[in-house]
Amino acid sequence: MSNTILNSTLRYGLVVLLLVGCAAQKLQREGLALIEQGRYEQGLQKLEKATKESPNDVTLKMDLYNGRERAVNKIFAAIENAKAAGNERGAETGYRRILGIAPNNPKALEGLRQLEKRDLHAEAVEQAQLALKNGDIDQAESLVQQVLAVNAKHTAALALNALVQRARIKESLATPQIHSRLKKLTSLEFRDGGIKMVFDVLARASGINFIFDKDVRSDIRVTIFVRNVAVEDAIDFILAQSQLEKKILSDNSVLIYPDTPAKIKQHQDLIVRTFYIVNSSAKDTAETLKNILKTKDLHVDEPRNLIIVRDTPEAIRLIEKVIRTQDLAEPEVVLEMEVLEINRNRAMELGVSWPDTFTWLVPNPARITLADLPSGGDLTSTNIGVNASTALKLRQDNSIVNVISNPRIRVKNRDKAKVLVGDRVPVITSSVIPGSTNPVTTENITYLDVGLKLDVEPLILLDDNVSIKVALEVSTLGESVVTKQGSVAFRVGTRSINTSLQLKDGETQVLMGLIRDEERNTASGLPGLMDIPILGRLFSQPKDSTQKTEIVLSITPRIVRKVKRPDAHDMELWSGTETNLKVRRASLQNNAVATLSAAPQAADSIKDETKSVAAQPFQINLSAPTEAKVGEQFTLEVNGSASTPLLGTVVALQFDPAMLEMVSLAPGEFFKQPDSEIRITHKLDTQNGKLEVDITNTGIEGVQGNGGLFRVIFKVKAAAEKSQLQLVAATPWGLDDKTMTYNLGGPLSILLKP
Numbered sequence: 082m083s084n085t086i087l088n089s090t091l092r093y094g095l096v097v098l099l100l101v102g103c104a105a106q107k108l109q110r111e112g113l114a115l116i117e118q119g120r121y122e123q124g125l126q127k128l129e130k131a132t133k134e135s136p137n138d139v140t141l142k143m144d145l146y147n148g149r150e151r152a153v154n155k156i157f158a159a160i161e162n163a164k165a166a167g168n169e170r171g172a173e174t175g176y177r178r179i180l181g182i183a184p185n186n187p188k189a190l191e192g193l194r195q196l197e198k199r200d201l202h203a204e205a206v207e208q209a210q211l212a213l214k215n216g217d218i219d220q221a222e223s224l225v226q227q228v229l230a231v232n233a234k235h236t237a238a239l240a241l242n243a244l245v246q247r248a249r250i251k252e253s254l255a256t257p258q259i260h261s262r263l264k265k266l267t268s269l270e271f272r273d274g275g276i277k278m279v280f281d282v283l284a285r286a287s288g289i290n291f292i293f294d295k296d297v298r299s300d301i302r303v304t305i306f307v308r309n310v311a312v313e314d315a316i317d318f319i320l321a322q323s324q325l326e327k328k329i330l331s332d333n334s335v336l337i338y339p340d341t342p343a344k345i346k347q348h349q350d351l352i353v354r355t356f357y358i359v360n361s362s363a364k365d366t367a368e369t370l371k372n373i374l375k376t377k378d379l380h381v382d383e384p385r386n387l388i389i390v391r392d393t394p395e396a397i398r399l400i401e402k403v404i405r406t407q408d409l410a411e412p413e414v415v416l417e418m419e420v421l422e423i424n425r426n427r428a429m430e431l432g433v434s435w436p437d438t439f440t441w442l443v444p445n446p447a448r449i450t451l452a453d454l455p456s457g458g459d460l461t462s463t464n465i466g467v468n469a470s471t472a473l474k475l476r477q478d479n480s481i482v483n484v485i486s487n488p489r490i491r492v493k494n495r496d497k498a499k500v501l502v503g504d505r506v507p508v509i510t511s512s513v514i515p516g517s518t519n520p521v522t523t524e525n526i527t528y529l530d531v532g533l534k535l536d537v538e539p540l541i542l543l544d545d546n547v548s549i550k551v552a553l554e555v556s557t558l559g560e561s562v563v564t565k566q567g568s569v570a571f572r573v574g575t576r577s578i579n580t581s582l583q584l585k586d587g588e589t590q591v592l593m594g595l596i597r598d599e600e601r602n603t604a605s606g607l608p609g610l611m612d613i614p615i616l617g618r619l620f621s622q623p624k625d626s627t628q629k630t631e632i633v634l635s636i637t638p639r640i641v642r643k644v645k646r647p648d649a650h651d652m653e654l655w656s657g658t659e660t661n662l663k664v665r666r667a668s669l670q671n672n673a674v675a676t677l678s679a680a681p682q683a684a685d686s687i688k689d690e691t692k693s694v695a696a697q698p699f700q701i702n703l704s705a706p707t708e709a710k711v712g713e714q715f716t717l718e719v720n721g722s723a724s725t726p727l728l729g730t731v732v733a734l735q736f737d738p739a740m741l742e743m744v745s746l747a748p749g750e751f752f753k754q755p756d757s758e759i760r761i762t763h764k765l766d767t768q769n770g771k772l773e774v775d776i777t778n779t780g781i782e783g784v785q786g787n788g789g790l791f792r793v794i795f796k797v798k799a800a801a802e803k804s805q806l807q808l809v810a811a812t813p814w815g816l817d818d819k820t821m822t823y824n825l826g827g828p829l830s831i832l833l834k835p
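Converting from the sequence shown to this note's numbering requires adding 81 to each position, the first position being numbered 1.
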């Protein structure tokens with residue numbers, strides 16, 4: 082009875098184990114399938130349940146661990162894509178999803194902390210923007226630096242920091258200006274008037290405080306007769322005849338001191354400025370500044386290609402302008418060249434090939450027997466015979482061989498480019514040094530370039546012409562020559578071209594005519610008989626061959642970067658006197674002020690015209706292809722037109738996310754300047770199809786004109802008869818960070834084909 086119960090229990094246990102094992106395997110298959118579908122949470126739950134039902138199954142545990150790791154890695158990849166697209170909400174959802182799968186994942190916890198800090202950083206950046214707008218540069222800089230100390234790559238903080246630094250530069254370089262310099266006119270009539278009395282009259286007329294250095298002599302007499310001149314120009318006229326100089330202390334205070342080296346050294350303010358040279362050499366630029374502007378306190382850092390200058394504010398401004406006209410990118414050209422070596426070979430054989438060998442094999446006399454006689458049968462050892470191979474030769478060969486080299490090289494202006502297509506052949510030379518016992522032999526190996534050698538040197542001109550110096554050499558290697566001393570040399574056949582030509586951009590020139598012509602006539606046949614006229618061809622085999630080789634060079638220049646000519650106002654600068662550098666020319670300013678005073682109606686019209694020009698809005702419009710296919714990409718150009726200097730703008734763009742997908746973003750040509758940098762950031766809302774682009778120029782002067790602000794590459798996801806791209810908002814700002822008025826172009830429709 083007990084055995085029966087035991088057997089029943091065992092059978093029941095086996096059945097239960099089998100059922101449990103089948104259920105665990107089913108859960109395992111379902112869990113792995115759900116993970117592959119991207120349903121990580123459901124799949125891992127099934128794997129965990131299968132592990133609990135079969136705790137001793139190592140395979141289930143490994144599947145659970147591997148599935149969890151694979152799910153975490155895929156979610157992290159999706160988070161990186163969301164962060165790159167500016168989708169912070171999607172990144173936060175991904176981090177929380179990872180923590181639901183792996184609650185203590187350190188990378189996900191840190192990611193959430195960074196997102197929380199980013200929210201705080203965004204608030205700090207907004208406060209910094211408000212402070213900068215209100216003119217509190219110190220507060221704005223403090224807030225921005227706090228953000229960058231934690232997150233050095235915060236895009237909004239970096240962009241705002243550039244604005245803060247630009248404001249700092251303006252603040253540090255701005256010298257106090259007399260408030261009434263361009264607004265108030267004055268007239269002076271003095272004959273031998275005392276210097277202090279004249280300035281007292283000016284002080285009453287302009288409201289400017291004049292402070293005199295203790296070494297200014299009170300007996301200086303001034304004679305001046307001027308009408309309707311600016312107050313500052315009147316001051317300069319008085320100082321010029323009195324050998325005095327001024328220093329502006331504030332917007333209404335001026336210090337007057339003697340124009341002597343000691344006093345200038347004592348009172349003159351100096352600025353230290355670092356200039357990073359991009360395209361030219363810092364050493365050459367420094368020589369220009371020394372020769373033209375007589376700059377003395379100047380240091381050149383050649384490894385970093387920068388110049389550090391210490392000089393007056395006026396001199397620093399002149400140095401900026403000189404460097405701006407000199408530090409320009411070198412023009413470049415792409416030279417498309419084709420070199421053809423055309424070989425024409427022709428050979429003809431017409432005649433009879435007669436036997437040309439006679440063989441007589443003599444055996445060893447000591448071994449001759451009767452069997453060696455011809456009647457004995459075997460004649461192999463005493464074979465006497467003639468090569469009886471006779472044939473009629475009728476053959477003609479014609480061949481044309483083209484060896485083509487097609488180099489395309491990009492060359493900077495006045496730089497040399499070299500092309501070698503061939504081999505470097507070693508040439509060995511030996512020298513013997515005699516010694517007392519054994520001479521010493523040394524060998525020296527040099528290399529000879531054999532093949533196609535092409536040297537070009539372009540000079541890009543202002544009228545889109547390119548002057549090119551061309552040196553072409555085609556060489557072939559002949560047989561080697563060994564000297565008595567053991568040196569090895571080679572015979573080299575060569576053909577070369579050296580010329581200079583001037584071509585327009587895209588014009589093609591072909592150089593040809595380097596021809597080498599060889600003609601060979603040979604004949605072989607029966608002696609004597611082959612010399613018989615006419616019949617001699619029956620007893621000979623003549624061979625005539627000609628070989629003609631020609632070198633052809635085709636060259637086409639295509640300019641990729643033109644010579645940039647500076648603006649007229651940059652090519653001619655007012656620099657003051659030899660001892661006193663100045664940016665402003667007083668007489669021109671005086672004429673302008675006098676004209677406004679003498680002709681108020683003309684002045685009003687000029688002011689109205691200037692006002693209308695300044696009030697012109699900043700305009701933005703879109704351009705793109707009219708149609709595109711599903712799966713293809715197209716480029717959307719966002720163009721701008723600014724009549725006044727533009728420092729940066731934020732542009733909002735709306736598109737249909739069900740049909741279009743943003744691929745990439747790149748700045749256009751509008752903000753590109755030699756001495757500045759473009760900063761561009763964007764925020765993408767993939768659900769609502771909204772793209773916000775913030776693009777800024779780091780230069781101080783801003784940019785005017787027309788051009789592309791930025792370009793966006795979209796990928797077509799679905800077909801549609803009409804898909805619209807529309808500008809919805811913009812925030813452009815100009816000098817002093819003032820917001821500019823603007824106009825937005827209309828929507829753009831694109832046909833999306835299947």
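Cβ atoms here follow ideal geometry from the backbone N, Cα and C, with glycine treated the same way. For clarity, every value in this text was computed on a predicted model and none was experimentally measured.
A distance below 9 Å separates the beta carbons of Ile305 and Gln322. By the criterion of a C-beta distance shorter than 6 Å, Val531 is surrounded in its chain by Gly503, Asp504, Val506, Ser556, Leu558, once the five residues flanking it on both sides are discounted. Per DSSP, Val153 is one residue of the alpha helix (DSSP H) stretching across 139-165.
The C-alpha of Met740 is placed about 15 Å away from the C-alpha of Leu734.
Per DSSP, the continuous beta strand (DSSP E) segment holding His380 begins and ends at 379-382.
Note that the C-beta distance between Leu239 and Leu213 is not below 9 Å. If you draw a straight line from the Cα of Arg385 to the Cα of Asn494, it comes to about 23 Å. A straight-line Cα-Cα distance of about 19 Å links Leu533 and Gln590. The Cβ neighbour count for Lys133, taken over all protein chains shown within 10 Å, is under 16; the residue is labelled exposed. Residue nearest to Leu833 within the set Val719, Trp814, Ile759, Thr707 is Thr707 (criterion: CA-CA distance).
As computed with DSSP, Thr575 is found in a beta bridge with Ser556. Shortest Cα-Cα distance from Glu122 to any of Gly181, Thr236, Lys803 involves Gly181. Using a 10 angstroms sphere on the CB of Tyr823, the tally of other CB atoms reaches 16 or more, which defines it as buried. Its chain contains no residue whose beta carbon lies nearer than 8 Å to that of Glu204 once the 5 sequence neighbours on both sides are disregarded. Per DSSP, reduced to three states, the secondary structure at Pro342 is helical. Take the alpha-carbon of Val403 and the one of Leu543: they are about 20 Å apart.
Annotation: Thr369 is outside any beta strand (DSSP E); the continuous alpha helix (DSSP H) that includes it extends over 363-373. Counted as a single uninterrupted DSSP element, the beta strand (DSSP E) harbouring Ile759 occupies residues 759-766.
With a threshold of 16 other beta carbon atoms within 10 Å, Ala165 falls short and is exposed. Arg639 and Val797 do not touch by the CB rule: their CB atoms are close to 32 Å apart, not below 8 Å. For Pro394, the uninterrupted alpha helix (DSSP H) run begins and ends at 394-407, by DSSP.
Minimum Cα-Cα distance from Leu416 among the listed residues Phe791, Asn487, Thr366, Gln347 corresponds to Asn487. Annotation for Lys803: no alpha helix (DSSP H) segment contains it, though the beta strand (DSSP E) segment containing it runs 801-815. Secondary structure in the segment 262-321: the alpha helix (DSSP H) runs of 4 residues or longer, each lying completely within the stretch, are 276-287 in chain order. Beta-bridge annotation (DSSP): Asp219 is not paired with any residue. Shortest Cα-Cα distance from Leu703 to any of Phe751, Leu772, Leu825 involves Leu825. Just measuring C-alpha positions, the residue of Ala367, Ser287, Asn424 sitting nearest Ile632 is Asn424. The shortest CA-to-CA distance from Leu829 to any of Ala705, Pro738, Ala801 is the one to Ala705. In terms of Cβ geometry, Thr355 and Gln407 do not form a close pair [threshold 9 Å]. Burial is judged here by how many other beta carbons sit within 10 angstroms of a residue's own beta carbon; Asp144 has at least 16 and is buried.
Around the C-beta of Trp814, 16 or more other C-beta atoms lie within 10 Å, and the residue is accordingly described as buried.
Closest in alpha carbon position to Leu320, among Val335, Val774, Arg308, Leu330, is Val335. Of all alpha-carbon atoms in Leu211, Leu765, Thr820, Leu772, the one lying nearest the alpha-carbon of Val809 is that of Leu772.
Looking from the CA of Val390, the closest CA among Arg398, Leu399, His380 belongs to His380. Note: Gln700 is bridge-paired with Ser722, Asn824 in the DSSP secondary-structure output.
Per DSSP, the continuous alpha helix (DSSP H) segment holding Ala131 begins and ends at 121-134.
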